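> Dumping the structure here so I can ask a few things about it.
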Amino acid sequence: MIREQAADKRTLKTIRHDADLIVVGGGLSGVCCAITAARAGIRVVLVQDRPVLGGNSSSEVRLWVLGATSHMGNNNRWAREGGVIDELLLENLYRNPEGNPLIFDTILLEKVVLEPNITLLLNTVVYEVEKSNPETISGIKAFCSQNSTAYDLVAPLFCDASGDGIVGFQAGAAFRMGAERQEEFGEKFAPTEEYGELLGHSLYFYTKDTGRPVRFVPPAYALDDITQIPRYKRFNAQEYGCQLWWIEYGGRLDTVHDTETIKWELWKVVYGVWNYIKNSGQFPESETMTLEWVGQIPGKRESRRFEGDYMLTQQDVVEQRTHPDAVAFGGWSIDLHPADGIFSEKPGCNQWHSKGIYQIPYRCLYSHNVSNLFLAGRIISASHVAFGSSRVMATGAHVAQAVGMAAAVATNNHLLPRDLTEPIHMHVLQQELLKAGQHIPGIELKDENDLAQQAKLSTSSEFVLSELPPDGPLLPLTSSAAQMLPLPVGPVPQITAFVTADQDTTLIVELRRSSKPFNHTPDVTLETVSIPIRKGKQEVHLDFTSQLSEAQYVFVMFMKNEHIQLQYSQLRITGILSVFNKINPAVSNYGKQEPTEDIGVDTFEFWCPERRPAGHNIALRIQPGIRLFSPANVRNGVQRPTNQPNAWVADVRDANPTLTINWPTRQKISRVELRFDTDFDHPLETVIMIHPETVGPFCVQEYVVCNDQQERIYHQAHNHQSSNTIRFEQPIETSSLTIHLKKKDGLAPASLMEVRCYS
């Protein structure tokens, strides 16, 4: 029994945690930052004010995770973010292809608690920042209502990933809120005062069919006049959750301090919408449906943005500007919403895409006036317009991984965030990120400690793309279709396609490339040919005469013709894709981006893949065959397709694909790093979207590693991740390593993106 005498005042139980890095905010950005830093060997405290991790992606809000892949609705091929966020999304695909948000919660929690270098504090709110001088944070104070405990959190480095920037705000870090005028950065897409300066919050609901009639009596505070919502006729009984992202409000208010007011308005709207669906009589299919879940906290889009040594702008996104301190990339559209949200007469969003992904510089990721404060998530240093692209969760998580690694590099070298902008330190940071699976456009991994760089590579076979066999579906050319082919410098090969026509007609075929070799927007036409087609089945010979001056993808484009059916292939290959000029209104893709006025964005066509099980390659014969799948690719420093496949791919007929690494003398190997193709083109949305597989079709699920005596030293039977690290308790002494890849189906030949070996 505990019994205490009356007292004038008592103090809370207080626990002090010392660490190398304090991360405030347990959304995806904070999670990926903390895991990256912890795996790099430093001590991390992760502070989250909610009972679960994930922020807007958690079961409390239920927004799908997206980034540069943009629902496969733009021209950013193989652009899913790498590193920890890739690991999380692939784990969710494996365990949770149905998109249950509760399962995603468990995955995030599991990944964090399994890291011994992370101390996790859930339900813990930061309320005070302490400083040792005007430029330096010395500690923060936090409180957990669930255990009535206060925390003193002390570290030399801090990362604010809180969304509203609670640490940066209290620390006096320079910030902005609202939109810059067009004149400040020359951003032609800067919004007018009528459009508004802030994006609002959203709150979602889920429904369930009970199989029997269910009535709904709305609460007194429900919106009773649905016509107050200009787009109310868009509501239906099938859409739910973040499909209704446009249930948005609050852009005219203070999106930090008025959040509770905004939440109440959103509750009114949600229950009013459900009342309309259930009781208006216009949706008889809703008779047996009930509300299963309504969000208790809104998902926030925008509040404070903090100033770093550089501010990302519209031009960085659209022009794809390069930066010497690039550490991450973005690729979502510049996506601004009217400040009046659901009550606006204007469209719910205004999305404008760039022609490819763009670099994000490190100088955006720390405060310019608080010397030991990193910035992560949606609060990084960006203008309001650029924020419209960089704000999405997968991009924020990818950026935060750079922060986590920067904190580790700074800790190990006794540096402050700004110090890492020195070229010698930036090179280390970029290389460490690449080794951890981060993709930084235009930067290759060059690791002098990688023993595979000095070895001889040999393989059991090597794929040559001479044929995509005509064994797939025969589909009408009701939309223009194109086959992307990687080509080296030199002449374009001769190509044969297979078509069937229901009458005599003319087929138009275009050969295009991108104006930038690392992009996948076909904006340069090399040749156009018109081919007479007779009724019936036939082969079409494409005798192109073009020459390529640099290695890149070309697009063999079969233009729309309703009288022609195009033959497809069942064979799928790493780095090979078909794309289509179709509409994807979810990301403002209507086949072509055409700004109606000069707003500083480009006009171009969208050519996008279809989701599996559709999206077969177009059947082709190619002479001479394309030889870009050699074992040399596994050590070229690039872990995904860019301007070439960047993978070793085995021959389709190879029953036991093997890659052998030979050294002239015996080596001591303690660690092997492997990178597999998990299809970086698939976006892996975490909720609502149901995925066709639990493991990507190119991913090698089983492999065996043998030494120079052909003794098995490692066996992986259930791989579904891009990155595999093999650690040996005792170093293996061997003059060779042989990796046996076991493919379980014949839909795609075995492939391997990267091999690295360390003593």
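In the UniProt record's numbering, the protein residues as written are 1 to 759.
Every residue, glycine too, gets a C-beta built ideally from N, C-alpha and C.
Owing to the predicted nature of the structure, the values given are computational and were not obtained by experimental measurement.
1) Work out the CA separation of residue 519 and residue 666 for me, nearest whole Å.
2) Who are the near neighbours of residue 492 in its chain, counting only those whose CB is closer than 6 Å to its CB and skipping five residues on each side?
3) Give me the residue from 62, 536, 51, 573 with the minimum Cα distance to residue 644.
4) Going by the beta-carbon positions, is the gap between residue 753 and residue 640 smaller than 9 Å?
5) Of all the options 353, 700, 635, which has the alpha carbon lying nearest to the alpha carbon of residue 607?
6) Spatial neighbours of residue 740 within its chain, please: C-beta separation below 8 Å, excluding the five flanking residues on both sides.
7) Applying the criterion that 16 or more other CB atoms from any shown protein chain within 10 Å of the CB defines a buried residue, is residue 2 buried or exposed?
8) Please state the DSSP three-state secondary structure of residue 379.
9) Taking all protein chains shown into account, decide if residue 75 is buried (16 or more other Cβ within 10 angstroms of its Cβ) or exposed.
10) Can you tell which of 276, 256, 286, 535 has its C-alpha closest to the C-alpha of residue 300?
11) Using DSSP with H/G/I as helix, E/B as strand and the rest coil, what is residue 743?
12) Expressed to the nearest angstrom, what Euclidean distance is found between the alpha-carbon atoms of residue 333 and residue 343?
13) Could you spell out where the alpha helix (DSSP H) holding residue 271 opens and where it closes?
14) Can you list the beta strand (DSSP E) stretches of 3 or more residues lying completely in the region 183-211, in chain order?
15) According to DSSP, is residue 285 helix, strand or coil?
16) Hey, out of 497, 489, 339, 505, whose CA is closest to residue 548's CA?
17) Alpha carbons only, please: which of 446, 439, 441, 416 is nearest the one belonging to residue 428?
18) Cα separation between residue 98 and residue 487?
19) Please report how far the alpha carbon of residue 385 lies from the alpha carbon of residue 178, in whole angstroms.
20) Let me make sure I understand the geometry here. Which of 560, 181, 617, 242 has the alpha-carbon closest to that of residue 586?
21) Give the straight-line distance between the Cα atoms of residue 550 and residue 441, rounded to the nearest whole angstrom.
22) Give a yes or no on whether the C-beta atoms belonging to residue 529 and residue 33 are separated by under 9 Å.
23) Under three-state DSSP, which class holds residue 484?
24) Quick one: what's residue 675 bridged to in DSSP?
25) Taking a contact to mean a Cβ-Cβ separation below 9 Å, would you say residue 618 touches residue 497 in this structure?
26) In this structure, does DSSP put residue 497 in helix, strand or coil?
27) Residue 535 to residue 480, Cα distance in whole Å?
28) Select from 589, 467, 115 the residue whose C-alpha is nearest the C-alpha of residue 36.
29) When the distance is taken between beta carbons, is residue 459 closer than 9 Å to residue 664?
30) Once the 5 residues before and after residue 278 are set aside, which same chain residues still bring their CB inside 6 Å of it?
31) Just reading off the alpha helix (DSSP H) that residue 403 is part of, what are its end residues?
32) Tell whether a beta-carbon distance below 9 Å holds between residue 571 and residue 747.
33) Using 10 angstroms around the beta-carbon of residue 391, count the other beta-carbons present and answer buried if the total reaches 16, otherwise exposed.
34) State the CB to CB distance for the pair residue 171 and residue 153, rounded to an integer number of angstroms; the pair is presumed to be in contact (CB under 8 Å).
35) DSSP puts residue 456 in a beta bridge; with which residues?
36) Note down the Cα distance separating residue 87 from residue 236, rounded to an integer number of angstroms.
On the basis of the coordinates in this document:
1) One alpha carbon belongs to residue 666, the other to residue 519, and they sit about 42 Å apart.
2) These residues qualify, in order along the chain: 544, 546.
3) Minimum Cα distance to residue 644 is reached at 573.
4) Result yes, Cβ atoms of residue 753 and residue 640 sit closer than 9 Å.
5) Between residue 607 and the set 353, 700, 635, the nearest pair of CA atoms involves 353.
6) Counting only Cβ-Cβ distances below 8 Å, and skipping sequence neighbours, we find 656, 657, 658, 703, 704, 705, 706.
7) Burial call: exposed.
8) Three-state result, residue 379: helix.
9) Buried is the call here.
10) Residue 256 holds the alpha-carbon nearest to the alpha-carbon of residue 300 among 276, 256, 286, 535.
11) Correct three-state label for residue 743: coil.
12) Distance from the CA of residue 333 to the CA of residue 343, rounded to the nearest whole angstrom, comes to 23 Å.
13) Counting along the chain, the alpha helix (DSSP H) containing residue 271 begins and ends at 259-279.
14) List check, beta strand (DSSP E) in window: 205-209.
15) Helix, per DSSP.
16) Checking every option, the nearest Cα to that of residue 548 belongs to 489.
17) The residue from 446, 439, 441, 416 with its alpha-carbon nearest to that of residue 428 is 446.
18) Spanning the two alpha carbons is a distance of roughly 38 Å.
19) One C-alpha to the other measures close to 10 Å.
20) Cα-wise, what sits closest to residue 586 is 242.
21) Roughly 17 Å between the two C-alpha positions.
22) Against a cut-off of 9 Å, the Cβ pair of residue 33 and residue 529 comes out as no contact.
23) Note: residue 484 maps to strand in three-state DSSP.
24) In the DSSP output, where bridge partners are listed per residue, residue 675 has 723, 754.
25) A contact, by the Cβ cut-off of 9 Å.
26) Residue 497: strand per DSSP, three-state reduction.
27) Cα to Cα, the separation comes out at about 20 Å.
28) The shortest C-alpha to C-alpha distance from residue 36 to any of 589, 467, 115 is the one to 115.
29) Contact: no.
30) Residues 216, 286 of the same chain have their beta carbon placed closer than 6 Å to that of residue 278, with the five preceding and five following residues left out of the count.
31) For residue 403, the enclosing alpha helix (DSSP H) starts and ends at 393-413.
32) The answer is yes: Cβ separation under 9 Å.
33) Per the 10 Å Cβ criterion, buried.
34) In this structure, residue 171 and residue 153 do not form a Cβ contact; the two beta carbons are roughly 13 Å apart against a cut-off of 8 Å.
35) Looking at the DSSP assignment, residue 456 forms a beta bridge with 662.
36) Looking at the two C-alpha atoms, the distance is approximately 35 Å.
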